[in-house]
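A.B. asks: With my numbering applied, the sequence shown closes on residue 304, and no number is skipped along the way. Virtual Cβ for every residue (Gly too), placed ideally from N, Cα, C. This is the structure I have questions about; it appears just below.
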Amino acid sequence: PGLPVLSFSGVASDGEVEDYQWILGSIGDLVWDDTNADGVKDAGESGRENVTVALYHDVNGDGRIDGGDTLVATDTTDANGAYDFSGVLAGNYLVAVTDTNKALIGRSLTGGMTDPFPVALTAGQVVTDADFGYASNSDLASLGNTVWLDENANGVQDAGEPGIPNVTVNLYNAAAALI
């Protein structure tokens, strides 16, 4: 709806008439202050202005920005935190918050969101859910301590009970999904 259509036509060297048409799409939406750090844009949570966002062509479709991927465009969020990459051909893309203007200092991505955000864009598609919520680092909780050999099995690290190095600790949510 309302997106540009590029058309090219001409005669090939073998005399065949060539006619091509590309219907372009768009990718965008919002970077906002996720004050309750739940990853959902709630009423009263405002957009973040002056945040830089980059659009990459994900050449190998692996969902990561790597050596083969091409920077397509950059944008900066407006006063409402909105950004938009329009005139985009169908393909696999990655939207990444680059924050070269340092508008997100002291803030972290929230709620299980992905950065970069992968998009498989079809011809003419308008993607409006490439969102990024950020909460103040002072609003986020932390969890951690020490893994140790509890030699007397009392649940308390007593003097002389050594820590155990190189242990991987995983955190799961209430639905038993790895966070």
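#1: Quick one: complete beta strand (DSSP E) runs, 3+ long, within the stretch 236–293?
#2: Nearest to L149 by CA position, among V251, N185 and G193, is which residue?
#3: With a threshold of 16 other CB atoms inside 10 Å of the CB of D275, please say whether the residue is buried or exposed.
#4: Give the single residue among T271, G285 and A284 whose Cα lies nearest to the Cα of V294.
#5: Tell me the rounded alpha-carbon separation between R232 and R173.
#6: Take A204 and list the residues in its own chain whose beta-carbon comes closer than 6 Å to its own, dropping the five residues that flank it on each side.
#7: Thinking just about the alpha-carbon of each residue, which of I289, E141 and S151 is nearest to the one in L219?
#8: Could you check which residue in L214, V165 and A168 has the C-alpha nearest to that of Y181?
C.D. replies: Taking the structure as given:
#1: 242–246 and 257–261
#2: V251
#3: exposed
#4: T271
#5: 11 Å
#6: E174
#7: S151
#8: L214
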